[in-house]
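Chains as they are written, first to last, in our numbering: chain U, 831 to 1238; chain P, 28 to 374.
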Amino acid sequence: MSLSPDMIDRAGAYRRARRRDARRAFALALPLLAFLLLTFIAPLAMLLLRGVQNPELGRAMPDLAAVIAEWDGAGLPPEEVAATLAAELPRAQEAGSLGPLARRLNFYLPEFRSLLLKTARRLPAASDDWRAALAAIDPRWTTPEPWRVLQRAAINPTPDYLLAALDAKIGPAGGIAAAPRDESVYVDAFARTIWISGLVTLICLLCGYPVAWLLANLPPKPAGRLMILVIVPFWTSLLVRTTAWYVLLQPGGVINSLLQAAGLVAEPLPLVFNRTGVLIGMTHILLPFMILAIYSVMKGISPVYMRAALSLGAHPVLAFPRIYLPQTLPGVGAGCFLVFVLALGYYITPALLGGAGDEMISQLIAIQTNQQLNWGLAGALSAYLVLFTLIFYFIFNRLVGVDRLRFG
Amino acid sequence: MKYKCGIAGAALIAGLCSAGAAQAETISVVTFGGAYEAAAKQAYFDPFTKETGIGFSLEAYDGGLAKLSAMVEAKNTTWDLIDLESNDAIAGCDEGLLEKLDLSTLGDTSDFIPGSVTPCAVATMVWSTVFAYDSTKLTTAPKAVADFFDTKAFPGKRGLRKSPKATLEWALLADGVAAADVYKVLATPEGVDRAFKKLDTIKKDIVWWEAGSQAPQLLADGAVVMVQAYNGRISNAVKEQGKPFVTVWDGQVYDFEWWGVPTGAKNAEAAKKFIAYQAKPEVLSQLSRYIAYAPPRKKAVELIDAETLKGMPTAPANFGNAVQIDVPFWTDNFDALNKRFTAWLAQ
């Protein structure tokens, strides 16, 4: 049967109508998209971009940046480089851009800050041999390190932050070298963050699945009351709950006092400022996400299937994993994904309840942002965190179809 | 009808605006918070408000130049007056984050402790990092920094500030380095290794704190047996809450605390006026009544009564084994040592 012009016209009209609807829907969502772009995506992108930006030397001493980039890195740089440094240093100090540059260079080489500021203070007005003049101010200028640091600072965009975030750096020979053992924090921190998040997800799953099952299968009134017990802590402030856990878990706190009064323990148990405290706190706070995700899927499972299996002679213990469990997998997957990704970025709970060996990556990012003022490194670390999250998202999507997540 | 509403509305708005204009300026000040903020309010801010009518809006932070740097970069400085540690004051001045002050408004500054008046910041008090213990919980009293590191004679947890500053100095003092040589030793790689090795001996017993008020809290909760703290917070806990804490002054690491005016502050003039006001000996000496921090000028010290003087970091009885924090050393080496410290914490 061939298609009559009438039918083709209707198919085309249908397609046009669908496209019009889609355009209208997009137009309605446009303000929200613009808002998200402006307030969420743009600032995030700007911070991540900082992880590759290296503007300080170019801003403070542009000529030096140009000249030193041409140096091949062997031995000491030619007189021209020293002369340019001597010419631009006073200018940078006048303009006030020397301070931020000194701070940034101090990240590469300790005490560079004082070297630079001291040189700026003691520079002679004129000289025939600038290399000798600099050496006279401080002998460090006769070693290749300060010059190599300046050369690396001239490279923009730079891979140095991204490498530092993985405890590596560009060695003197030009290849990638690992940072010394007593300065390597980040790879361990990433591994620890993923491990703790995985552990918390597992514990939340084990605790949350039975609760979700109960919520989905109780009659409405008791289910409603149980739901309040899940939802109300969920709505309480995160900081309040974390602090409450501190009060409960501390050596002189409620739990230890009860255990000691009951005679079960002689000494107070170490429940806080260690991994135990972090796991307890994070599980408590992330549990409602897991419960609600699984509950929303369980609510939609018809009881007919279990009844059919039982009526056909299956033992309940056999029927449950073979009939009921597979149907809840999208909820389990969604809940696990949600809890895992949230746990990856956790800051307050590990900071308040954990010890020194439990630092998660967000705490290290916060140290770089708030204390060290090394926003380049903070941006690089954040970029890796976003990357890991995206990788896990794709893995989870493959495994359990996270796109089918619905919240009750 | 519409006309009348319009006129009435305009008159109301005009009245409100003029009332607003007649209101006094407010200086937005940020300090380390807690007991220090309360003491500064009583000693400095309230008398200044009474004299000039300029009010204060108070905020707290934990130190560091991060927020200030972000504000100046964004050209939106919301703070007018900032309370700084020494290395932040110096770094802030070098990086153009603090405005230059007109030191002539301070009058005769010859009796200030040398080094306590700089182009961008004026010292307001001498504070010290000490350690304290609960006298009801420990039978023998610890007397020296070495006791802080002695978990055999004094078992239990110790509280330390989560920063290499003062912590590394104490490790060296406890390892037998003389107070005068601490920074010489710390400047060498072997010295740094030595400090970390000493810290390793008590590492599993350390509870780390970040905010000043956490230190006396940890001691009060019984979470630690000895805690490193800012001396004023401990003396306040004793005075105001009657806690049975005892301060051990041996190995105290003392430092100045500074007032600075952030670049681009909206009420910079009022803030500078305040700095000149609080530098007067009679005002400076008031702080010691409320918290155990000493004024940095002789004329102000003379105005303090003998009883209060005994609790000061600078009192002769407390000053036996004191270390003045080496500001140039920390300004240069904080980044590198903090990196090593953070790595050591995680291992």
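Each residue gets a CB set at the ideal place from its N, CA and C atoms; glycine is no exception.
Consider the Cβ of residue i: report whether some Cβ of chain U lies at a distance smaller than 8 Å.
{"i": "residue 288 of chain P", "result": "no"}
{"i": "residue 358 of chain P", "result": "yes"}
{"i": "residue 322 of chain P", "result": "no"}
{"i": "residue 122 of chain P", "result": "yes"}
{"i": "residue 372 of chain P", "result": "yes"}
{"i": "residue 141 of chain P", "result": "no"}
{"i": "residue 48 of chain P", "result": "Note that residue 48 of chain P scores a pLDDT of 45, beneath 50, so its modelled location is shaky; the value from the coordinates is reported in the next line. No, residue 48 of chain P lies away from the interface with chain U (no Cβ there is under 8 Å from its Cβ)."}
{"i": "residue 294 of chain P", "result": "no"}
{"i": "residue 235 of chain P", "result": "yes"}
{"i": "residue 60 of chain P", "result": "no"}
{"i": "residue 45 of chain P", "result": "Summary for residue 45 of chain P: the model assigns pLDDT 47, below 50, so the residue's position carries little reliability; its value from the coordinates is reported in the next sentence. Not closer than 8 Å to any Cβ of chain U, the Cβ of residue 45 of chain P fails to qualify, so no."}
{"i": "residue 221 of chain P", "result": "no"}
{"i": "residue 366 of chain P", "result": "yes"}
{"i": "residue 353 of chain P", "result": "no"}
{"i": "residue 362 of chain P", "result": "yes"}
{"i": "residue 369 of chain P", "result": "yes"}
Just checking my contact of residue i with residue j at CB under 8 Å: how many whole Å lie between their CB atoms?
{"i": "residue 984 of chain U", "j": "residue 931 of chain U", "result": "11 Å between Cβ atoms; not a contact."}
{"i": "residue 152 of chain P", "j": "residue 355 of chain P", "result": "About 21 Å; that fails the 8 Å criterion."}
{"i": "residue 200 of chain P", "j": "residue 172 of chain P", "result": "5 Å"}
{"i": "residue 319 of chain P", "j": "residue 258 of chain P", "result": "6 Å"}
{"i": "residue 55 of chain P", "j": "residue 105 of chain P", "result": "6 Å"}
{"i": "residue 275 of chain P", "j": "residue 186 of chain P", "result": "Actually they are not in contact, since the Cβ atoms of residue 275 of chain P and residue 186 of chain P sit about 13 Å apart, beyond 8 Å."}
{"i": "residue 364 of chain P", "j": "residue 191 of chain P", "result": "5 Å"}
{"i": "residue 300 of chain P", "j": "residue 288 of chain P", "result": "About 10 Å; that fails the 8 Å criterion."}
Which partner residues of residue i appear in the DSSP bridge assignment?
{"i": "residue 71 of chain P", "result": "Looking at the DSSP assignment, residue 71 of chain P forms no beta bridge with any residue, so it has no partner."}
{"i": "residue 158 of chain P", "result": "P:255, P:275"}
{"i": "residue 351 of chain P", "result": "P:281"}
{"i": "residue 55 of chain P", "result": "P:84"}
{"i": "residue 235 of chain P", "result": "P:187"}
{"i": "residue 1025 of chain U", "result": "Residue 1025 of chain U pairs with nothing; no bridge assigned."}
{"i": "residue 999 of chain U", "result": "U:1007"}
{"i": "residue 111 of chain P", "result": "P:285"}
{"i": "residue 152 of chain P", "result": "P:284"}
{"i": "residue 139 of chain P", "result": "P:324"}
{"i": "residue 125 of chain P", "result": "P:289"}
{"i": "residue 144 of chain P", "result": "P:149"}
Does any CB atom of chain P fall closer than 8 Å to the CB of residue i?
{"i": "residue 839 of chain U", "result": "no"}
{"i": "residue 1106 of chain U", "result": "no"}
{"i": "residue 1210 of chain U", "result": "no"}
{"i": "residue 976 of chain U", "result": "no"}
{"i": "residue 1199 of chain U", "result": "yes"}
{"i": "residue 1067 of chain U", "result": "no"}
{"i": "residue 1014 of chain U", "result": "yes"}
{"i": "residue 1081 of chain U", "result": "yes"}
{"i": "residue 1020 of chain U", "result": "no"}
{"i": "residue 1203 of chain U", "result": "yes"}
{"i": "residue 929 of chain U", "result": "yes"}
{"i": "residue 1130 of chain U", "result": "no"}
{"i": "residue 1150 of chain U", "result": "no"}
{"i": "residue 926 of chain U", "result": "yes"}
Compute every distance between the C-beta of residue i and the non-hydrogen atoms of the ligand FMN, then say whether any falls below 7 Å.
{"i": "residue 902 of chain U", "result": "With respect to the ligand FMN, the structure offers nothing, as it holds no ligand at all."}
Any contact between the segment 874-892 of chain U and the segment 973-993 of chain U? By contact I mean 3 or more CB pairs, one from each, below 8 Å. With the cut-off at 8 Å, the segment 874-892 of chain U and the segment 973-993 of chain U touch.
For the segment 88-109 of chain P, list every residue whose C-beta sits within 8 Å of some C-beta in chain U, in sequence order. 91, 92, 93, 94, 96
Cβ contact (3+ pairs, closer than 8 Å) linking the segment 933-941 of chain U and the segment 864-881 of chain U: Because the criterion of three Cβ pairs below 8 Å is not met, the segment 933-941 of chain U and the segment 864-881 of chain U do not touch.
Measuring CB atoms only, is the segment 281-294 of chain P touching the segment 97-112 of chain P, in the sense that at least three cross pairs come out at less than 8 Å? yes
Residues, ordered as in the chain, of the segment 931-959 of chain U that lie near chain P by beta-carbon distance below 9 Å: 932, 933, 936, 937, 939, 940, 941, 942, 943, 944, 945, 947
Under 8 Å: do the segment 1101-1117 of chain U and the segment 1078-1090 of chain U share three or more Cβ pairs, one atom per stretch? yes
Would you call the segment 1065-1072 of chain U in contact with the segment 1128-1138 of chain U, where contact means no fewer than 3 C-beta pairs closer than 8 Å? no
Stretch pair the segment 184-204 of chain P + the segment 223-230 of chain P: three plus CB contacts closer than 8 Å: yes
By the 7 Å beta-carbon criterion, what residues does the segment 188-199 of chain P contribute toward chain U? none
Would you call the segment 1015-1025 of chain U and the segment 911-929 of chain U touching, i.e. three or more CB-CB distances under 8 Å? No, they do not touch.
So does the segment 1159-1169 of chain U actually touch the segment 1119-1127 of chain U, counting three or more Cβ pairs closer than 8 Å? yes
Contact set between the segment 1166-1193 of chain U and chain P, restricted to residues whose Cβ is under 7 Å from the partner: 1186, 1187, 1189
Indicate whether the contact test is met: 3 or more Cβ pairs, each with one atom in the segment 75-93 of chain P and one in the segment 263-280 of chain P, closer than 8 Å. no
Please confirm if the segment 1194-1212 of chain U is in contact with the segment 362-370 of chain P, defined as three or more CB-CB distances below 8 Å between the two stretches. Touching, yes, given that three or more Cβ pairs across the two stretches are closer than 8 Å.
Closer than 8 Å, Cβ to Cβ, to anything on chain U: give me those residues from the segment 246-264 of chain P, in chain order. 248, 249, 250
Given 8 Å as the limit, is there contact between the segment 904-924 of chain U and the segment 952-964 of chain U, that is, 3 or more CB pairs closer than that? Yes: the two stretches touch, three or more of their Cβ pairs being nearer than 8 Å.
With three or more beta-carbon pairs closer than 8 Å as the criterion, would you say the segment 1082-1093 of chain U touches the segment 997-1012 of chain U? no
If contact is defined by three or more beta carbon pairs under 8 Å, each pair taking one atom from either stretch, is the segment 1169-1176 of chain U in contact with the segment 1214-1227 of chain U? yes
Below 8 Å, can you find three or more Cβ-Cβ pairs linking the segment 61-81 of chain P to the segment 123-142 of chain P? no
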